[in-house]
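Remarks on the structure that follows.
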Amino acid sequence: MTEPYTPDDLDADFAALRAATPPAPRPFVEQTMADALAHMPVPKPARRSPWAALGGWRAALTMGGAALAGLSVGYLDPSALTPLTGETLLAYDTALAPQSDDPFAALLDEADL
Amino acid sequence: MALDDTQAATDAALLAAYAAGDAAAARTLVEAHSPRALALAQRMLGSQAEAEEVAQEAMLRLWRTAPKWRAGEARISTWLYRVTANLCTDRLRRVRPGPIPEGYDPADNQPGPVAQIMTSSRGAALETALQSLPERQRLAIVLRHLEERANPEIAQIMDLSVDAVESLQARGRRKLAQIMARAQAGLSYKDD
Chain A
1 MTEPYTPDDL DADFAALRAA TPPAPRPFVE QTMADALAHM PVPKPARRSP WAALGGWRAA
61 LTMGGAALAG LSVGYLDPSA LTPLTGETLL AYDTALAPQS DDPFAALLDE ADL
Chain B
1001 MALDDTQAAT DAALLAAYAA GDAAAARTLV EAHSPRALAL AQRMLGSQAE AEEVAQEAML
1061 RLWRTAPKWR AGEARISTWL YRVTANLCTD RLRRVRPGPI PEGYDPADNQ PGPVAQIMTS
1121 SRGAALETAL QSLPERQRLA IVLRHLEERA NPEIAQIMDL SVDAVESLQA RGRRKLAQIM
1181 ARAQAGLSYK DD
């Protein structure tokens, strides 16, 4: 005579069935992987920051500095630059300029040739 | 953070990486989740070929959802079980003409599970007995006892209350025990 089938027997049989479950067949797994790759979104190129487009923050800083210097030269009162442009360094005396209409001859003349 | 939550966060991160074009993340997700979908589909449909089709379709839907996936809203495993279960339900009902009344959950008409069990091993006997359960009882039982999911998660997968899931499982277990008892009487399993 057999013993009655109990809930514990059922749990033991579930455990046996779990243990006997075969792994997924490799062709199935590989096909699933192929599907995954076929449907994988194409990565978007990373968006470049404005700093990167200018060559990085160092380049941007240099250009900014140069722009600021240019603007300040444009806006400054020219008299503030007199020590540089006045009578000493860069003044150009038109009386000393060559009088010839021929620029080449003027150059030769200026060079005392 | 609980282990399940950690796993869910890892899965969500992997899916986000996949959506960003990471093939290695895809591989990890395939290895972790596709066997689960396949096992559930195989036990619901009883056919390896059909189960593979269903599991591949469920995974395909996961890949399509990846760019829109919002971490923290659902677990990938729960979502995948649900999609797989729905696809299985569609397949099982496709052969049945006409609308399905609410609450309709007939037993399979496969005759004589006990007779089939007579020639089966004990684990295979249970497998055969499972196929004789009504679809929703089978799903609740498979998810709980073979896929080892907790009832709250099963309730999410089946879109039912936890009480309803427990009721399905209790009825399913009773029926399985009856089938197995009759089979045992014929096979004397306990004497093995």
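The listed protein sequences derive, respectively, from chains A and B. Counting along the first sequence from 1, when you hit position 3 you're at 3 in our numbering, and nothing is skipped either side. Here our numbering = 1-based position in the second sequence + 1000. Beta carbons: idealized from backbone N, C-alpha and C, even for Gly. Values in this document were obtained by computation on a predicted structure and should not be read as measured data.
When C-beta distances to chain A are compared with 7 Å, the residues of the stretch 1137-1165 of chain B below that value are H1145, L1146, in chain order. Within the stretch 14-34 of chain A, F14, A16, L17, R18, A20, T21, P23, A24, F28, V29, Q31, T32, M33 place their CB atoms closer than 7 Å to a CB of chain B, listed in sequence order. Look at A:L10: its C-beta is under 8 Å from a C-beta on chain B. When only Cα atoms are considered, B:A1181 and B:A1055 end up about 33 Å apart. Exposure of A:A20 is indicated by the presence of fewer than 16 other C-beta atoms within 10 angstroms of its C-beta.
Judged by DSSP secondary structure, A:S72 falls within the alpha helix (DSSP H) whose first and last residues are 56-75. For A:L37, the nearest CB of chain B lies under 8 Å from its own CB, placing it at the interface with that chain. With the criterion set as a beta carbon lying under 8 Å from some beta carbon of chain A, the members of the stretch 1060-1094 of chain B are L1060, W1063, R1064, A1066, P1067, in sequence order. Straight-line spacing of the CA atoms in B:L1062 and B:A1041 works out to 16 Å. B:P1035 reaches chain A at P23, A24, counting residues in chain order whose Cβ is nearer than 7 Å. Using a 10 angstroms sphere on the CB of B:W1079, the tally of other CB atoms reaches 16 or more, which defines it as buried. For A:M40, the three-state secondary structure derived from DSSP is coil. For B:N1151, the closest of B:V1162, B:V1142, B:H1145, B:I1141 by C-alpha to C-alpha distance is B:V1162. Annotated three-state conformation of A:T6 is coil, per DSSP. B:R1043 is a Cβ neighbour of B:L1130, given a cutoff of 8 Å.
Judged by their CB atoms, A:T32 and B:V1030 are nearer to each other than the 8 Å cut-off. Taking CB atoms only, B:E1031 has a neighbour in chain A less than 8 Å away. A:A53 and A:A60 have their alpha carbons spaced roughly 9 Å apart.
Of all residues in the stretch 61-74 of chain A, none has a C-beta nearer than 9 Å to a C-beta of chain B. Taking the C-beta atoms as reference points, A:L10 is found nearer than 8 Å to B:A1177.
Around the beta carbon of B:L1139, 16 or more other beta carbons lie within 10 angstroms, which makes this residue buried.
Note that the C-beta distance between B:A1025 and B:L1038 is not below 8 Å. With respect to B:R1075, B:D1011 sits close: the two C-beta atoms are nearer than 8 Å. Distance between B:M1059 and B:S1034, taken at the CA atoms: about 7 Å. Residue contact with chain A for B:Q1169: absent (no Cβ-Cβ distance below 8 Å to any residue of chain A).
Per DSSP, B:L1160 lies in no alpha helix (DSSP H) and is assigned neither H nor E. The shortest C-alpha to C-alpha distance from B:T1089 to any of B:S1121, B:A1051, B:R1027, B:G1072 is the one to B:A1051. In the DSSP assignment, B:D1090 falls within the alpha helix (DSSP H) that extends over 1076-1094.
For B:G1123, the chain A residues whose Cβ falls inside 7 Å of its Cβ are D13, A16, L17, A20, in order along the chain.
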